[in-house]
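Written out below as structure tokens is the structure these notes cover.
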Amino acid sequence: NPSKDVKDEL
Amino acid sequence: MNAFRLAGDMTHLITVLILLLKIYATKSCSGISLKTQELYVMVFVARYLDLFTNFISVYNSVMKVVFVTSSIAIVWCMRIHPLVRRTYDKEQDTFRHYFLVAGSFGLALLFNENFTFREVCWAFSIYLEAVAILPQLVLLQRSGNVDNLTGQYVFFLGAYRVFYILNWIYRYFTEKHFSRWISWIAGLVQTALYADFFYYYFISWKNNSKLQLPA
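Those sequence lines, one after another, are chains A and B.
If you're matching positions, the first sequence starts at 1 in the working numbering and goes up one per residue.
If you're matching positions, the second sequence starts at 1001 in the working numbering and goes up one per residue.
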């Protein structure tokens, strides 16, 4: 899991 | 992707389908706030800027396209479509939603993850979505009686936010780095706005009476 959370939500 | 997140997205999709169904089937948008729909277009455009830059998954990209196009289609119907636009409650839908836009943008400039164009737009879209329902709730209270489809529309919008909060709780306990404080705070505020609507919706459902919101 990348340290900076990816904007994977809608 | 966890079940809460999927349920949230599906519920959100249902809200869009309810509006499109209502407008298509009845050729009427009475009871729907154009201001709220315009705010949703801004929310989706500002949030899905990365649609073409960073690919997450087919599902993610497809849903983004669906939400942007459907929200624009709804605003188009309510503004342009000759039959539908006549049924818009222009005099009732008077919430000054540009204050919501300005306030959310100001907040996004102050509170964001990184002071970059994309992050500020993302934070702006999160804050704006939290308050986007206000013109619709005010319109419902003004018009007093709520027709079924519009009531269901707001109900499912609230349900989608509840599922997202459950999704964040689940992710918080299962992923190390998960800390979306912007989404947390805005999401809680947004869901709280629905609380009183849920209360009156439940009462009307229990008494099997028409949904009446106190003016």
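The beta-carbon is built from N, C-alpha and C at its ideal position, and this holds for glycine as well.
Predicted model, so just to flag it, every value in this text is computed and none were measured.
For residue i versus residue j, is the C-beta spacing smaller than 8 Å?
i: serine 1143 (chain B); j: glycine 1031 (chain B); result: yes
i: serine 1028 (chain B); j: threonine 1087 (chain B); result: yes
i: tyrosine 1040 (chain B); j: lysine 1064 (chain B); result: no
i: tyrosine 1127 (chain B); j: leucine 1107 (chain B); result: yes
i: phenylalanine 1202 (chain B); j: leucine 1137 (chain B); result: no
i: isoleucine 1023 (chain B); j: isoleucine 1074 (chain B); result: yes
i: leucine 1139 (chain B); j: glutamine 1092 (chain B); result: yes
i: methionine 987 (chain B); j: glutamine 1037 (chain B); result: Since the first residue shown for chain B is 1001 and the last is 1215, residue 987 (chain B) is missing from the structure and cannot be characterised.
i: arginine 1171 (chain B); j: asparagine 1002 (chain B); result: yes
i: serine 969 (chain B); j: alanine 1195 (chain B); result: With chain B covering 1001 to 1215 only, the question about residue 969 (chain B) has no answer from this structure.
i: glycine 1151 (chain B); j: leucine 1211 (chain B); result: yes
i: leucine 1149 (chain B); j: isoleucine 1056 (chain B); result: no
Determine the burial state of residue i: buried for a count of at least 16 other Cβ atoms within 10 Å of its Cβ, exposed for fewer.
i: isoleucine 976 (chain B); result: Because chain B here runs from 1001 to 1215, residue 976 (chain B) falls outside it and cannot be looked at.
i: lysine 1035 (chain B); result: buried
i: tyrosine 1199 (chain B); result: exposed
i: glycine 1103 (chain B); result: exposed
i: leucine 1021 (chain B); result: exposed
i: methionine 1042 (chain B); result: buried
i: alanine 1186 (chain B); result: buried
i: valine 1058 (chain B); result: exposed
i: proline 1214 (chain B); result: exposed
i: isoleucine 1080 (chain B); result: exposed
i: threonine 1174 (chain B); result: exposed
i: histidine 1097 (chain B); result: buried
i: phenylalanine 1044 (chain B); result: buried
i: alanine 1130 (chain B); result: buried
i: histidine 1177 (chain B); result: exposed
i: alanine 1025 (chain B); result: exposed
Put residue i into one of helix, strand or coil per three-state DSSP.
i: glutamine 1190 (chain B); result: helix
i: glutamate 9 (chain A); result: coil
i: asparagine 1145 (chain B); result: strand
i: glutamine 1092 (chain B); result: coil
query = Are the region 1002-1017 of chain B and the region 1154-1166 of chain B touching, with three or more C-beta to C-beta distances below 8 Å?
reply = Result yes; three or more Cβ-Cβ pairs closer than 8 Å.
request  = Could you tell me whether the region 1114-1132 of chain B touches the region 1057-1072 of chain B, where touching means 3 or more Cβ pairs closer than 8 Å?
outcome  = Taking a contact to require three or more Cβ pairs closer than 8 Å, the region 1114-1132 of chain B and the region 1057-1072 of chain B do not qualify as touching.
query = Are three or more beta carbon pairs between the region 1152-1160 of chain B and the region 1185-1200 of chain B nearer than 8 Å?
reply = Contact annotation: the region 1152-1160 of chain B touches the region 1185-1200 of chain B, with at least three C-beta pairs closer than 8 Å.
key: Every unbroken alpha helix (DSSP H) within the region 1046-1116 of chain B, with a cutoff of 4 residues, ordered by chain   = Qualifying alpha helix (DSSP H) stretches, in chain order: 1058-1079, 1082-1085, 1097-1110.
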